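One structure below.
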Amino acid sequence: MRDPNPPRGDDLGATEREILAHRAKKAEALRALGVNPYGNGHRPEHLSKDLRDRYGDAPADEIAKDPGAWSIAGRVLAVRPFGKAAFLKIRDAAGELQVWIKKDRVSERDFEIYKLLDIGDIVAAQGAATRTKTGELTLEATAFTILTKSMRPLPEKWHGLSDVEQRYRQRYLDLIATPGVRDTFVKRARTVSTIRRFLDGRGYLEVETPTLHKPEEAGGAAARPFETHHNALDLSLKLRIATELHLKRLVVGGFDRVYEIGRIWRNEGIDRRHNPEFTTIEFYEAYATAEDLMKLTEALFHALALEVAGAPVVTFQGQPIDFTPPYPRVSLVEVGARALGLSVEDALAGRGLAEALARAAARENESEDAWKLEQAAKRSPGEAIAAAFEVFGEPQLPKDRPAFVVDFPLETSPLSRRRDADPRLVDRFELFAGGMECANAFSELNDPADQRARFEAQVKARASGDEEAMPYDEDFVRALEHGMPPTAGEGIGIDRVTMILTDSASIRDVILFPLLKTRD
RNA sequence: GGGCGCAUAGCUCAACUGGCAGAGCAAUGGACUCUUAAUCCAUAGGUUGAAGGUUCGAUUCCUUCUGCGCUCACCA
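Following our numbering, the numbering of the first sequence begins with 1 at its first residue and continues without gaps.
Following this line, the structure appears as structure tokens:
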């Protein structure tokens with residue numbers, strides 16, 4: 001444990017303290033030159049990209065004919081000084097550009113300012129374009145100033161930041177120093193905007209529903225919620241675990257096509273695929289069926305691959321995945337039952353199921369899966385078959401393409417409409433890609449009596465220890481009693497889709513500030 | 001929550017079987033007007049994550065704690 005009342009600036013090492021002090025002196029020296037080290041009001045007229053667009057690969061003599069008058073600003077990433085000249089590597093919003101400062105081209109004062117420069121400072125330069133004899137497009141400065149003085153050093157220039165923890169805690173440094181990080185988050189933004197454009201173009205309305213839920217509202221998924229409290233109302237609240245139930249209320253209210261892109265919270269474990277807060281898109285379309293949404297999903301993911309990754313085939317962790325429709329379909333009950341050596345009929349009826357699960361568990365003997373199968377034997381037939389699919393079916397899903405898992409048992413889907421042809425199943429699908437569940441969709445249950453029964457089953461499950469079972473949402477049933485048109489809905493995990501589109505191994509690499517433990 | 005692993009200068013990493021804690025980059029001072037990890041000379045920088053223990057001696061071995069990573073379970 002450290003000093004509980006550390007001095008401001010916390011536990012700096014001597015080197016760091018010296019750097020801060022030295023740079024503070026430079027800031028004062030800038031003020032003495034009439035430069036506010038934290039000034040504002042300087043607006044660059046160009047981006048580094050403007051010079052590249054203008055000159056491209058043009059040779060030096062051609063650039064010399066029309067060198068232009070350019071004005072850029074950005075962060076200094078590297079300085080290569082030569083006494084009376086220097087090359088600066090500057091990064092702005094559009095890329096990087098070299099700036100060349102020469103004592104005989106800038107004013108004496110500007111050269112004094114340059115001498116107070118540190119790597120990490122935000123600077124502005126004006127001047128003409130040129131190409132150096134090593135061939136690099138360069139802005140040859142005629143005016144130079146420091147806009148913001150950086151007081152702390154950037155990470156080491158060769159290796160950057162390799163301490164994963166520091167990358168997440170100080171993401172601003174990660175963005176500056178680690179190649180590709182910036183691009184990942186640009187692609188994340190493009191993923192969201194592509195989805196938004198896709199749905200807007202199909203007549204969907206974007207809405208926002210509460211993230212603070214009363215205890216009875218915090219359903220829509222199987223998960224444990226975070227708990228919080230409103231002081232003025234003295235009200236216990238939970239953070240939402242899904243947007244589903246409010247969005248369907250809106251379908252009842254006449255918004256036939258709605259979606260919400262938003263943060264949800266689930267109070268569960270953290271690993272490569274899970275962060276306590278993450279972003280989903282849920283959308284609901286009246287008069288559509290799960291079958292319709294499969295078509296829509298194929299079109300959407302194909303569009304995402306093209307728009308975000310730039311090609312229909314995306315390589316994720318060394319595995320190319322072809323997002324060109326159509327995607328193969330795999331039956332959960334068939335594969336699950338077959339894995340247990342049973343017919344679908346016997347499995348759904350529970351005939352021989354316990355014995356088959358025991359046999360399968362024994363086959364798996366020491367592995368973790370055995371335990372999962374043994375637990376499944378205590379649940380309903382549908383849940384047991386789903387468990388068998390998880391253990392035996394999921395690893396066999398196609399890896400070079402996304403795949404739809406279809407034919408879900410009723411018991412695993414408390415908000416899904418029963419299938420007319422077989423009421424033990426629901427018209428539901430999950431989209432798997434890259435070994436992850438990326439989307440989950442179904443024809444929505446709009447029979448209020450059936451919904452009531454499903455909620456009752458959930459309450460019973462909760463009473464017998466299932467902490468992830470949903471609460472009974474009376475108002476939601478009331479809404480259904482007013483009549484919800486036949487509807488299909490879908491949820492997509494934005495973070496996981498972004499992982500695939502950016503080839504990121506961990507969900508933390510696509511969340512700017514993932515949750516970490518507090519440091520003392 | 002379980003298992004495995006990691007923590008040394010601001011950053012990236014060394015330090016043999018327990019024997020004076022080092023290097024590169026960054027920094028500081030100096031030289032240098034075409035560099036791309038610029039180069040050259042010099043200097044400074046450490047509670048080896050924390051607390052205990054074993055030992056003549058601990059970065060190294062042991063215990064506990066903290067944080068992080070991987071993995072398993074739960075989950076999307």
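Ideal placement from N, C-alpha and C gives every residue a C-beta, glycine not left out.
Keep in mind the model is a prediction, meaning the values are calculated, not measured.
Continuous alpha helix (DSSP H) stretch holding A303: start and end: In the first sequence, the residue the question calls residue 303 occupies position 303. 290-304 is the extent of the alpha helix (DSSP H) around A303.
By DSSP's criteria, P409 is part of a beta bridge. Which residues make up the other side? Position 409 of the first sequence, counted from the first residue, corresponds to residue 409. In DSSP, P409 forms a bridge with L425.
I385 and P409 - do their beta-carbons sit closer together than 7 Å? Counting from one through the first sequence, the residue named residue 409 turns up at place 409. Counting from one through the first sequence, the residue named residue 385 turns up at place 385. Yes, the Cβ-Cβ distance between P409 and I385 is below 7 Å.
Hey, G127 and T138: beta-carbon distance below 7 Å or not? Taking the first sequence and counting its residues from 1, the one referred to as residue 127 is at position 127. Taking the first sequence and counting its residues from 1, the one referred to as residue 138 is at position 138. No, these two residues do not count as a Cβ contact at 7 Å.
Rounded to whole angstroms, what is the Cα-Cα separation between A339 and A78? The count along the first sequence starts at 1 and reaches residue 339 at position 339. The count along the first sequence starts at 1 and reaches residue 78 at position 78. Spanning the two alpha carbons is a distance of roughly 60 Å.
Count the other CB atoms, across all protein chains shown, that sit within 10 Å of the CB of N446; report buried if there are 16 or more and exposed otherwise. Sequence index remark: in the first sequence, residue 446 carries index 446 (1-based). Counting Cβ neighbours within 10 Å, N446 comes out buried, since at least 16 surround it.
Check the DSSP bridge columns for L139 and list the partner residues they point to. Counting from one through the first sequence, the residue named residue 139 turns up at place 139. Answer is V99, A129.
Quick check: the Cα distance between G352 and W371, rounded to an integer number of angstroms? Reading the first sequence from its first residue, position 352 is the one you call residue 352. Reading the first sequence from its first residue, position 371 is the one you call residue 371. Going from the Cα of G352 to the Cα of W371 covers about 19 Å.
List the endpoints of the continuous alpha helix (DSSP H) containing E244. Start at 1 with the first residue of the first sequence, and residue 244 comes out as number 244. Per DSSP, E244 belongs to the alpha helix (DSSP H) from 244-252.
By DSSP, does Q170 sit in helix, in strand, or in coil? As a first step, residue 170 is located in the first sequence; it is residue number 170 there, counting from the start. It is coil, neither helix nor strand.
Flag this pair as yes or no: are the beta carbons of V406 and S416 separated by less than 7 Å? In the first sequence, the residue the question calls residue 406 occupies position 406. In the first sequence, the residue the question calls residue 416 occupies position 416. Taking 7 Å as the Cβ cut-off, V406 and S416 do not qualify as a contacting pair.
Can I101 and Y114 be called in contact, C-beta distance under 7 Å? Taking the first residue of the first sequence as position 1, residue 101 is located at position 101. Taking the first residue of the first sequence as position 1, residue 114 is located at position 114. The answer is yes: Cβ separation under 7 Å.
How big is the Cα-Cα spacing for R496 and P402? Here residue 496 refers to the residue found at position 496 of the first sequence. Here residue 402 refers to the residue found at position 402 of the first sequence. Computed Cα separation, rounded: 13 Å.
List the whole-angstrom C-beta distance separating G489 from E244, where the pair is believed to meet the contact cut-off of C-beta under 8 Å. For the purposes of this step, residue 489 is taken as residue 489 along the first sequence, with counting starting at 1. For the purposes of this step, residue 244 is taken as residue 244 along the first sequence, with counting starting at 1. With a Cβ gap of about 7 Å, G489 and E244 count as contacting.
Can you have a look at T315 and say buried or exposed, based on whether 16 or more other CB atoms are within 10 angstroms of its CB? Taking the first residue of the first sequence as position 1, residue 315 is located at position 315. Flag for T315 reads exposed.
Quick check on the burial criterion: 16 or more other C-beta atoms within 10 angstroms. Buried or exposed for D104? Position 104 of the first sequence, counting from 1, holds the residue named residue 104. Result: exposed.
Do you know offhand how far N267's Cα is from T178's? Here residue 267 corresponds to residue number 267 of the first sequence, with the count starting at 1. Here residue 178 corresponds to residue number 178 of the first sequence, with the count starting at 1. Cα-Cα distance, rounded: 31 Å.
Buried or exposed for K42, please, with buried defined as at least 16 other CB atoms from any protein chain shown within 10 angstroms of its CB. Numbered from its first residue, the first sequence carries residue 42 at position 42. The sequence given here places His at residue 42; Lys does not occur at that position. Counting Cβ neighbours within 10 Å, H42 comes out exposed, since fewer than 16 surround it.
Which word fits M1, buried or exposed, when buried means at least 16 other C-beta atoms lie within 10 angstroms of its C-beta? Locating residue 1 in the first sequence gives position 1, counting from the first residue. The pLDDT assigned to M1 is 27, lower than 50, so where the model puts this residue is not dependable, and the model offers no usable value.
Burial state of A221 (16 or more Cβ within 10 Å): The residue you call residue 221 lines up with position 221 of the first sequence. The residue is buried, with at least 16 neighbouring Cβ atoms inside 10 Å.
Do R171 and L516 have their CB atoms nearer than 7 Å? Counted from its first residue, the first sequence places residue 171 at position 171. Counted from its first residue, the first sequence places residue 516 at position 516. Cβ distance not < 7 Å, so R171 and L516 don't count as in contact.
Run of the alpha helix (DSSP H) containing P320, from where it starts to where it stops: In the first sequence, residue 320 corresponds to position 320, counting from 1. From DSSP, P320 is part of no alpha helix (DSSP H) but of the beta strand (DSSP E) over 319-322.
In the DSSP assignment, find the unbroken beta strand (DSSP E) run with H229 in it and report its ends. Within the first sequence, residue 229 is the residue found at index 229, counting from 1. 227-230 is the extent of the beta strand (DSSP E) around H229.
Count the other CB atoms, across all protein chains shown, that sit within 10 Å of the CB of Y287; report buried if there are 16 or more and exposed otherwise. As a working mapping, residue 287 is identified with position 287 in the first sequence. By the 10 Å Cβ count, Y287 comes out exposed.
At the level of alpha carbons, what is the spacing between N154 and S71? Numbered from its first residue, the first sequence carries residue 154 at position 154. Numbered from its first residue, the first sequence carries residue 71 at position 71. It is Leu, not Asn, that sits at residue 154 in the sequence shown. L154 and S71: Cα-Cα distance of roughly 25 Å.
Alpha carbon to alpha carbon, what distance is there between D53 and I146? Numbered from 1 along the first sequence, position 146 holds the residue referred to as residue 146. Numbered from 1 along the first sequence, position 53 holds the residue referred to as residue 53. So the alpha carbons of these two residues sit roughly 26 Å apart.
Skipping 5 residues on each side, what residues in its chain have a beta carbon closer than 6 Å to that of P448? The count along the first sequence starts at 1 and reaches residue 448 at position 448. Taken in chain order, the residues that qualify are V477, L480, E481.
Going by C-alpha to C-alpha distance, which of S443, L30, P44 sits closest to Y38? The sequence position of residue 38 within the first sequence is 38, counting from 1. The residue with the shortest Cα to Cα distance from Y38 is L30.
Bridge-paired residues (DSSP) for G352: Here the question's residue 352 lines up with position 352 in the first sequence. Partner(s): none; G352 has no beta bridge.
Helix or strand or just coil, what does DSSP make of A461? One-based indexing of the first sequence puts residue 461 at position 461. Helix, per DSSP.
Give every residue of the same chain whose Cβ lies closer than 6 Å to the Cβ of T228, excluding the five residues on either side of it in the sequence, and list them in chain order. Here the question's residue 228 lines up with position 228 in the first sequence. Cβ neighbours of T228 beyond the five flanking positions: L237.
Within the chosen definition, does the region 456-476 reach the region 278-298 through at least 3 CB pairs nearer than 8 Å? no
Report yes or no: do three or more beta-carbon pairs, one from the region 57-68 and one from the region 89-100, lie closer than 8 Å? Touching, no, given that fewer than three Cβ pairs across the two stretches are closer than 8 Å.
For A461, is the classification buried or exposed, using 16 other Cβ atoms within 10 angstroms of its Cβ as the cut-off for buried? Taking the first sequence and counting its residues from 1, the one referred to as residue 461 is at position 461. Buried is the call here.
Those runs of the beta strand (DSSP E) which lie wholly inside the region 478-517 and span at least 3 residues: Correct list: 487-493.
Count the C-beta pairs between the region 429-442 and the region 202-209 that are closer than 8 Å, then say yes if the count reaches three, no if not. No, they do not touch.
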